[in-house]
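Student:
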Amino acid sequence: MPLALYQNCSKNQLLNQEESADLSSTSDEYHQIHTDHGLPNIQKAETPGVDFKPILMDRLLLHSLFVDIFGDNAKLNSQMKTLISDKAVFGGICSIYDNFKGSSQPEKNCANSASASELGTTYHPQANVLRTGKINELCMSLVSDPKNLSYALSKISNSPIPENNSENIKKLFKLFYREKPDPHQGLIDSLSFILKKSNSDLNGWAQILTVTCVSSHWQVL
Amino acid sequence: MSKKSTGLTRRELLSQSVKGLGLLGISSALSNVIVQSIAESAFAQTTVNSSKKYIYFSFDSGPPRWFFDLPLTPQGTADTFSHTGLGTYVGKSSTTGNAEVFYKTYKDPVSGYHLPPVWGANPKGDAFSELLQHSFFIRGIDYEINNHMISRVRNQAPVVGGYSIAAQLADKSVSPIPAVNAGSIGSAFKSKKGISGVDISYTTSVTTNPIQRVMEYFSGAKPIQDNLTEQSLKEFDRYATNIGLAKNDLTASKNRSDELIKQGVQKFTSLWAPTLKKYEDLIKESMKTTNTSSFMEDVVLTAPFVPESTYMLWTDTAAKNLQIALNKKLKISATDFIKINDLRGMISEATTTIPSLAATFATIEILISQGLTQSFTTSLSGLVSLNKTSTTKFNIQVDQHDTGSLVSTIGTTYYYRAVLSCTDELVRSFKSSNIFKDTVIQFGSEFNRNARVDGSGSDHGYLGGSTLIISGMLNKTSVIGNIKNDKSATYLGWWGLAAPHPATNNKPIRINDVALTVCAMLGVSNVSNNGRMLLRSPDGVSYTSLAGENEQSKNITV
């Protein structure tokens, strides 16, 4: 719009008008507006005009992911129920459909709440320390259950204790980092070292499963 | 728009779009102001972290404030005052020999202000001078809405359903826990970023306490800590950076979480017991008759209750009328009365207390001074377990519709004394941790009360309230706000009815003005859509009273 206003003005007139209506203290903006009128092209470092914040998984997606990785037995974990109900920390707004689930899944009921924090719970949660602390705890709790561990490892290999190789480690990685690029060799090697340290036994696989779970970046959508 | 414009910062884009203002004859200086204000409000940088701390205490249900932070005659006898149903001191009437309510003040020797007597009743002796030197009394606030919950919440979020002060600070918080809320005031919390505070209750037992509730997010097993694990986690970070997934927030919050776990839940929860005991002892001290002469005469204060069925049989009309009047002042509910020989015994040193008050202050002290949170809002409950008779107890109403003036004056003053004792200790603790200079403590409520002329109780005085701010950014006692006399027959006299004030465009001070002032002190965006500052900051760090006419605290007779 400012350019349109100056359309029919001569260069000298423009200069005069700019000087009298100088709204900015930087000369760069002065030159910017005159670029189309033939003034020297001043190179300027471009700075982003918009912030970009990746979206994290909300409580419902997190719950669904953990059940997919660790099996239905994971639903029995008490902290999984807290995950669903802790909207404040994990985000994920209330669904009016959830309220029809009634007493069978009370942790999902929230749309009738009057508190500002419930109604204003974010669609897109952001990282916070409480979330990280809880996820850490949940990871360790889920992995420590032999049934959960067995289910997760069955997704990697048919044998109860998968072999320590790149392919299997990649499969473990992909349990969490879905639709993401493959891990680089350094990462695979670091997980392999952890496995080797415990003779690639069940405990070792539990350990790298935990490490992958607490690595946290998989939460970014 | 030219291609070059796509690389503009937001400020540059805005500047470009208002260049046309020059053609409208708006001066460059004014245009700069326009750009600045639009840029700040529309594109406020919320990623700037804050070291400020904010604690908001809500006196839920609206107790009378002339006993606490609504000085009715701050200039002393220079101020006009009269009210037959309200007082601040209980003494022996020279005419009837019974206890009677009088109006007295505590004169602060430093500021010269005449304040409610509770300020001179520190159980440790003398006055609450440590607090007074950092106190800002705002009276004559028109709350506009006569509703408990709406007005309660509006202290935090003046725009109904809008952002709250505590949440604004939480959005800029660098603490592990953005905010903590307790009680009904927690429903006011609304954050621009969509975060929520941790909601706690003050239920305590041998196995649980509020700090544990907060720390249960970190109470799991310690994370695996060895070099291989650390190396692996670094590889994950590298992977995330390479594919553009890396989020500083995620990494930062993970590091802070791990740090908290390393420090151990034990460290924080072990602070609980001694801190709680400290505040419990302070509250017990507050319930003694030590240093109560500023609000209670040190003589036997008799006020014999006589049931209606008895005095109706009296033939002496004057005596009957006196008894009717006295009974009203002894009310503790619509149909019940206090019946003890000496009103000084209303408070039981053994049982009278404020539920969860000690737990509240212990929680705040630990969470704030340990850096676990920067933003804390909490509701406070009322005084309980006072002596009704020699064998029975009663709880004093907070919403004192049916609390007689004799009961209200003694009971409510003791209540505020306990609150101030705990606040005094909290401030000392913050000073020793060197965080008080960045702290704002605020006391608010849904409204004040308008006392009935017959001393039988008080109703919702939403047209004339008060709030108290105590902060290390304040270095002297200040009182602002004008009040006027109520001319209605029921509430005739001075109870704090708000009057116009020059600092607020010759309208009464409103909650928007208070909110703006607090937001400015905390360095956060205003939560209301307007408002006038009630303080000024000469140096950008400390705050002081407004200058000239704008700092007035007058009693205006209408």
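As you go down the protein sequences, you meet chains B and G in turn. Going by this note's numbering, the letters in the first sequence line up with residues 1 to 221, in that order. Going by this note's numbering, the letters in the second sequence line up with residues 1 to 558, in that order. Note that beta-carbon positions come from the ideal geometry of N, C-alpha and C, so glycine has one too.
#1: Return the chain-ordered list of same chain residues with a C-beta closer than 6 Å to the C-beta of Ile69(B), the five sequence neighbours on each side being excluded.
#2: Using CA coordinates, which residue listed in Lys393(G), Gly444(G), Ile366(G) and Glu349(G) is at the minimum distance from Ala418(G)?
#3: I believe Ile208(B) touches Leu187(B) by the beta-carbon criterion, under 8 Å. Please report the beta-carbon distance rounded to the nearest angstrom.
#4: Give, in chain order, every residue of the segment 174–201 of chain B whose Cβ lies closer than 7 Å to some Cβ of chain G.
#5: Mind checking if Val143(B) is an interface residue toward chain G, Cβ cutoff 8 Å exclusive?
#6: Pro176(G) versus chain B: which residues are under 9 Å apart at the beta carbon?
#7: Touch check for the segment 422–441 of chain G and the segment 401–412 of chain G: three-plus C-beta pairs under 8 Å?
#8: Assuming contact is defined by CB atoms lying nearer than 8 Å, are Ala498(G) and Gly140(G) in contact in what I supplied?
#9: For the segment 328–347 of chain G against the segment 441–460 of chain G, are there 3 or more C-beta pairs whose distance is under 8 Å?
#10: What are the start and end residues of each continuous beta strand (DSSP E) run of 3 or more residues lying completely inside the segment 434–489 of chain G, in chain order?
#11: From the DSSP secondary-structure annotation, give me the bridge partner or partners of Glu144(G).
#12: Shortest alpha-carbon distance to Pro63(G) belongs to which of Thr353(G), Asp402(G), Gly472(G) and Lys192(G)?
#13: I'd like to confirm the pairing. Which residues does DSSP put opposite Asp199(G) in its beta bridges?
#14: Have a look at Leu463(G) and Ser270(G) and give me their C-alpha separation to the nearest angstrom.
#15: Less than 6 Å between C-beta atoms, sequence neighbours within five positions excluded: which residues of the same chain meet that for Trp494(G)?
#16: Beta-carbon of Ala170(G) versus every beta-carbon of chain B: anything under 8 Å?
#17: How would you write the range of the alpha helix (DSSP H) that Leu56(B) sits in, first residue to last?
#18: Below 7 Å on C-beta distance, what does Asn164(B) contact in chain G?
#19: Measure the C-alpha to C-alpha separation of Leu420(G) and Phe128(G) and round it to an integer number of angstroms.
#20: Going along the chain, which residues of the segment 361–383 of chain G sit with their C-beta nearer than 8 Å to a C-beta in chain B?
#21: Per DSSP, Met296(G) forms a beta bridge with which residues?
#22: Ser216(B) versus chain G: which residues are under 7 Å apart at the beta carbon?
#23: Helix, strand or coil for Ile338(G), going by three-state DSSP, please let me know.
#24: Name, please, each residue of chain B whose Cβ falls closer than 9 Å to the Cβ of Gly444(G).
#25: Quick one: which chain B residues come within Cβ less than 9 Å of Thr412(G)?
#26: Quick check: the Cα distance between Gly97(G) and Ser286(G), rounded to an integer number of angstroms?
#27: Mind checking whether Leu372(G) and Ser51(G) have CB atoms under 8 Å apart?
#28: Could you tell me whether the Cβ of Val67(B) comes closer than 8 Å to any Cβ of chain G?
#29: Less than 8 Å between CB atoms is the rule here; does Tyr239(G) satisfy it with respect to chain B?
#30: Give a yes or no on whether the minimum CB-CB distance between Gly194(G) and chain B is below 8 Å.
#31: DSSP three-state label for Gly493(G), please.
#32: Measure the CB-CB distance between Ile483(G) and Gly465(G) and report whether it falls below 8 Å.
#33: Between which two residues does the alpha helix (DSSP H) harbouring Ile364(G) extend?
#34: Do you know offhand how far Gly604(G)'s Cα is from Asp171(G)'s?
#35: Are the segment 113–133 of chain G and the segment 527–535 of chain G touching, with three or more C-beta to C-beta distances below 8 Å?
#36: Return the CA-CA distance between Leu169(G) and Pro502(G), expressed in angstroms with no decimal places.
Tutor: Let me spell this out:
#1: Ala152 and Leu175
#2: Glu349(G)
#3: Not quite, the Cβ-Cβ distance comes to about 11 Å (not below 8 Å), so this is no contact.
#4: Lys180, Pro181, Pro183, His184, Gly186, Leu187, Ser190, Leu191, Phe193, Ile194 and Lys197
#5: no
#6: Asn128, Val129, Leu130 and Gly133
#7: no
#8: yes
#9: yes
#10: 439–445, 448–451, 458–461, 465–471, 478–480 and 482–484
#11: None, per the DSSP bridge assignment.
#12: Asp402(G)
#13: Asn181(G)
#14: 46 Å
#15: Leu72, Phe81, His83 and Asn485
#16: no
#17: Neither: Leu56(B) is in no alpha helix (DSSP H) and is coded neither H nor E.
#18: Those within 7 Å of Asn164(B) in chain G number zero; the least Cβ separation is about 14 Å.
#19: 8 Å
#20: none
#21: Val90(G)
#22: Leu250 and Lys254
#23: coil
#24: Chain B residues near Gly444(G): none, gap ~17 Å exceeds 9 Å.
#25: Within 9 Å Cβ-Cβ: nothing; Thr412(G) doesn't reach chain B, min ~29 Å.
#26: 28 Å
#27: no
#28: no
#29: yes
#30: yes
#31: strand
#32: no
#33: Leu357 to Ser369
#34: Coverage of chain G is limited to positions 1 through 558, which leaves residue 604(G) absent and any answer about it impossible.
#35: no
#36: 29 Å
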